[in-house]
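Inspection log for the structure reproduced underneath, given as structure tokens.
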Amino acid sequence: MAEEEIFDQCQNPAIRLDRRREDLHKVVNQLTKTCLSGDCFEHLAPQPIPLRDNTIAIIKQARKLIFPGYFTQTRIDPVNLKYYLGQELSELHEMLGNQIILAIRHDCLRYHDSCVNCEERGLDAASDFVKQLPKLRQILATDVNAAIEGDPAAKSVDQVIFSYPGLFAISIYRMAHQLHHLKVPLLPRMMTEYAHNLTGIDINPGAHIAESFFIDHGTGIVIGETTRIGKRVRIYQGVTLGALSLPRDAGESLRNTRRHPTIEDEVIIYAGATILGGKTIIGARSVIGGNVWLTSSVPPDTKVLQKTQQPIYCEGGICPTQE
Amino acid sequence: MAEEEIFDQCQNPAIRLDRRREDLHKVVNQLTKTCLSGDCFEHLAPQPIPLRDNTIAIIKQARKLIFPGYFTQTRIDPVNLKYYLGQELSELHEMLGNQIILAIRHDCLRYHDSCVNCEERGLDAASDFVKQLPKLRQILATDVNAAIEGDPAAKSVDQVIFSYPGLFAISIYRMAHQLHHLKVPLLPRMMTEYAHNLTGIDINPGAHIAESFFIDHGTGIVIGETTRIGKRVRIYQGVTLGALSLPRDAGESLRNTRRHPTIEDEVIIYAGATILGGKTIIGARSVIGGNVWLTSSVPPDTKVLQKTQQPIYCEGGICPTQE
Amino acid sequence: MAEEEIFDQCQNPAIRLDRRREDLHKVVNQLTKTCLSGDCFEHLAPQPIPLRDNTIAIIKQARKLIFPGYFTQTRIDPVNLKYYLGQELSELHEMLGNQIILAIRHDCLRYHDSCVNCEERGLDAASDFVKQLPKLRQILATDVNAAIEGDPAAKSVDQVIFSYPGLFAISIYRMAHQLHHLKVPLLPRMMTEYAHNLTGIDINPGAHIAESFFIDHGTGIVIGETTRIGKRVRIYQGVTLGALSLPRDAGESLRNTRRHPTIEDEVIIYAGATILGGKTIIGARSVIGGNVWLTSSVPPDTKVLQKTQQPIYCEGGICPTQE
Chain X
-3 MAEEEIFDQC QNPAIRLDRR REDLHKVVNQ LTKTCLSGDC FEHLAPQPIP
47 LRDNTIAIIK QARKLIFPGY FTQTRIDPVN LKYYLGQELS ELHEMLGNQI
97 ILAIRHDCLR YHDSCVNCEE RGLDAASDFV KQLPKLRQIL ATDVNAAIEG
147 DPAAKSVDQV IFSYPGLFAI SIYRMAHQLH HLKVPLLPRM MTEYAHNLTG
197 IDINPGAHIA ESFFIDHGTG IVIGETTRIG KRVRIYQGVT LGALSLPRDA
247 GESLRNTRRH PTIEDEVIIY AGATILGGKT IIGARSVIGG NVWLTSSVPP
297 DTKVLQKTQQ PIYCEGGICP TQE
Chain F
-3 MAEEEIFDQC QNPAIRLDRR REDLHKVVNQ LTKTCLSGDC FEHLAPQPIP
47 LRDNTIAIIK QARKLIFPGY FTQTRIDPVN LKYYLGQELS ELHEMLGNQI
97 ILAIRHDCLR YHDSCVNCEE RGLDAASDFV KQLPKLRQIL ATDVNAAIEG
147 DPAAKSVDQV IFSYPGLFAI SIYRMAHQLH HLKVPLLPRM MTEYAHNLTG
197 IDINPGAHIA ESFFIDHGTG IVIGETTRIG KRVRIYQGVT LGALSLPRDA
247 GESLRNTRRH PTIEDEVIIY AGATILGGKT IIGARSVIGG NVWLTSSVPP
297 DTKVLQKTQQ PIYCEGGICP TQE
Chain L
-3 MAEEEIFDQC QNPAIRLDRR REDLHKVVNQ LTKTCLSGDC FEHLAPQPIP
47 LRDNTIAIIK QARKLIFPGY FTQTRIDPVN LKYYLGQELS ELHEMLGNQI
97 ILAIRHDCLR YHDSCVNCEE RGLDAASDFV KQLPKLRQIL ATDVNAAIEG
147 DPAAKSVDQV IFSYPGLFAI SIYRMAHQLH HLKVPLLPRM MTEYAHNLTG
197 IDINPGAHIA ESFFIDHGTG IVIGETTRIG KRVRIYQGVT LGALSLPRDA
247 GESLRNTRRH PTIEDEVIIY AGATILGGKT IIGARSVIGG NVWLTSSVPP
297 DTKVLQKTQQ PIYCEGGICP TQE
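Residue numbers (our numbering), protein chains in the order written: chain X, -3 to 319; chain F, -3 to 319; chain L, -3 to 319.
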């Protein structure tokens, strides 16, 4: 049927060719007009803008420094290590500096009258980030160990570093959180959305997450902007740490308020659990069962289970088909 | 243990080398034979086929035209804008035309005896698509604004366009839906599956979705082929707009029937809600709570909540470990 | 606010520049010291290691042989087919052999005193894998047919092979499972995590899955390491085949024990169902409804539904806002 309809369209190649040319011409004019009349979202500026690809390159460069030798074909040994790190680090500083400058300048031009010292500010932010790398590496080492501890399927540290989506997402979140903390615009979210793309784990750069954090499987996890997570917390796929329902005009009214929960030390949250609200606190060492739905606080050392109703067992499939 | 077993295998390099050669030879013969005997899914044809990479290139090219200046390093200003758009547009038309021709020809050769005017039909479809770009841009602008309105964490329009997976998936769906509407085979689904890959948001190209659509987080969302969504609808991660349970032989019997729900204007559907069935209609301005399970219609202006059972709180972890 | 704070930082460019140089220098020293003192996860070795990119290249090469003509621009016909397959196969054997050698050598150096015959063992493993390709193609053909049977939205075999994330993930799982079976370290999980990245479908290489397996949509599916799945099974997005809750120190104690369920032939498991535990067996031809939560066995030919509570319908939105 689809085919026939297409067949019907096939008359007079010559005429059609001309028409196509005109069409293209018309479309260009429309697209131009609507844009100049401010009727579209454009980015007409004398300056280029940060690009996703460059942001990804920065992430990969930083990982080379955090886990030396894991993500490169270069042979590294104790002798050349220092030169290798020196080389990679100055590259990182330059790549990062450039993107931050673009991001700051973009923001200035768009939301401020003037733009002062964008260069300086960008390079300083890049330096401040780079200075945090040793700490970043320390805390990520605690995350790697948490994965080994928490996952019976983990075969080796190398496997965790090579392959675990949780560690990948946490690494990128920790980088992005640093830039977020340094008030760098645009880049932090571009970074975490790259991790979100690859892992299905959506951690907002604004969230606060302490050491030894383990995410297993991870797909579908959402950790909101104002979430706070303590030490040695473990969460599984499909867990939402989110906000309570929002009014239609939520956007403005709620910006910069605490909307997401607090998870204290050593809490375990199983797959599909949903914990909502800025006043919700899950006490230390508590265990939240799979699919549990929580909008209020839980004291420390508590186990919370979803009372699973006995499902209906139907003989010979004679029962309301609801799913 | 694994290691030892491998060790045991390590005898007589020379012999093994010969055996490996023979093995390869045998495998080639098997693979060839099974293929010629029609015993495998092959695509032996005088014509190449549309490739995923080219489809992705088309998507990126189209985005350059829809959001000028956002996804390029080229400096664009009001003066060169028109030349820029003209250049990019004719490129898009050519890239798209070529892929559509391949897709149509592929379909013809495979499912019809003859193939008439594939070239013409491909180029015309490409033109018809390109002519829709201004409208596409208009409706996508409403989607961008919906994100700003709906998300307190949204920092700027730029961030939404750069980083929001929801907008990314919606953009690609709207392109794919156009091609689906033009009866182009193969490409539409290749496009939406690319978005599905990157965002975890699975929107079938056949679905109908009106303006100002906002998806937050998005991972795990499924919007089925015959779904209809009204204006200013907002949905969250893990929402399924799906079909009721299917008999084993579902494939044939149900093709081309209405199997997925209707969502009217200004409905909000929170995370994890499941709405199933072609006869299910969610009335305008209704709010569907998180994890709600619906297989029947809801009148307008209704709020539907999952009656959350009080979870079980266990002291000292003495309670049936079910999760 | 962010902006102002950044403005405040902008004093004395010259001084700052020097400081930045010193900073970089300090950071390099710190990163080097902590690494040599074994205080970080490094991979200092005379040998390079398997890389994700090469692993992806292997997957793509194997797909060229499994579905000839689908993932290449090369024109293939019955005449050149054999040369094409011969060429691609020896390439695959070489690429795969090299990566396996790197993986084995890496493992040897790290976890054993000596490393014997890594070359030989790697090439043999590659041969053993390649010899399985015809079988692999046979079983994947059954998976393709299962998709056509199971999905009313499936337009053609080509669409399934080009676009279906389920088939993509299953293809990679079946390759990875082969390598896992051959005791190849690192690569199998790297492969399945690549599929997990692109599809949100997380199938552990250790799982056993029989022919005619169909996954629809797929995002959020988790299939654990010791899962066993029979023939003609169909599962939907968000299904977890997982382990029961683990004690904090789970890692060690539970390695290599049966922790995940058994799904017998022709079972259908709908979206969001969770089935946990190594002793849990879902009997043949049973149907598990959406969101059902199971931690105990189900006899054959049973239909299990989640007793869905009547949701609360609130007029005028006057009801406890819980979501």
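The beta-carbon is built from N, C-alpha and C at its ideal position, and this holds for glycine as well.
Bridge-paired residues (DSSP) for residue i
i: residue 238(L); result: 272(L)
i: residue 283(F); result: 264(F) and 299(F)
i: residue 310(L); result: 299(F)
i: residue 212(X); result: 232(X)
i: residue 198(X); result: 218(X)
i: residue 27(F); result: DSSP output for residue 27(F) lists no bridge partner at all.
i: residue 253(L); result: Paired residue(s): none; residue 253(L) is not in a bridge.
i: residue 72(F); result: 41(X)
i: residue 294(X); result: 278(X)
i: residue 259(L); result: 225(L) and 278(L)
i: residue 205(L); result: 225(L)
Residue i classed as buried or exposed, judged by whether at least 16 other C-beta atoms fall within 10 angstroms
i: residue 155(X); result: buried
i: residue 230(X); result: buried
i: residue 79(F); result: exposed
i: residue 21(X); result: exposed
i: residue 193(L); result: buried
i: residue 24(X); result: buried
i: residue 292(F); result: exposed
i: residue 160(F); result: buried
i: residue 76(L); result: exposed
i: residue 112(F); result: exposed
i: residue 287(L); result: buried
i: residue 176(F); result: buried
Cα-Cα separation, residue i to residue j
i: residue 105(L); j: residue 228(L); result: 42 Å
i: residue 70(X); j: residue 185(L); result: 23 Å
i: residue 200(F); j: residue 225(F); result: 12 Å
i: residue 191(X); j: residue 14(X); result: 46 Å
i: residue 151(L); j: residue 189(F); result: 14 Å
i: residue 206(L); j: residue 222(L); result: 14 Å
i: residue 114(X); j: residue 99(X); result: 9 Å
i: residue 86(X); j: residue 273(X); result: 42 Å
i: residue 140(F); j: residue 166(F); result: 10 Å
i: residue 131(X); j: residue 298(L); result: 55 Å
i: residue 84(F); j: residue 57(F); result: 7 Å
i: residue 164(L); j: residue 197(X); result: 21 Å
i: residue 215(F); j: residue 283(L); result: 26 Å
i: residue 16(X); j: residue 239(F); result: 40 Å
i: residue 73(X); j: residue 64(X); result: 10 Å
i: residue 33(X); j: residue 125(F); result: 23 Å
i: residue 271(X); j: residue 235(X); result: 8 Å
Closest residue to residue i among the options (Cα-Cα distance)
i: residue 143(F); options: 135(F), 153(F) and 134(F); result: 153(F)
i: residue 11(X); options: 58(F), 261(F), 201(F) and 120(F); result: 120(F)
i: residue 256(X); options: 218(X), 76(X) and 231(X); result: 218(X)
i: residue 89(X); options: 18(L), 44(L) and 114(L); result: 18(L)
i: residue 51(F); options: 275(F), 96(F), 205(F) and 23(F); result: 96(F)
i: residue 55(X); options: 75(X), 183(X), 150(X) and 27(X); result: 183(X)
i: residue 208(F); options: 164(F), 168(F) and 262(F); result: 262(F)
i: residue 102(L); options: 294(L), 149(L), 39(L) and 139(L); result: 39(L)
i: residue 289(L); options: 301(X), 164(X), 211(X) and 94(X); result: 301(X)
i: residue 213(F); options: 259(F), 267(F) and 134(F); result: 267(F)
i: residue 118(F); options: 202(F), 32(F) and 46(F); result: 46(F)
i: residue 277(X); options: 254(X), 286(X) and 287(X); result: 254(X)
i: residue 92(L); options: 138(L), 66(L) and 172(L); result: 172(L)
i: residue 43(L); options: 310(X), 44(X), 107(X) and 68(X); result: 68(X)
Closer than 7 Å: residue i CB and nearest the ligand FAD heavy atom
i: residue 301(F); result: No copy of the ligand FAD appears in this structure; indeed no ligand is present at all.
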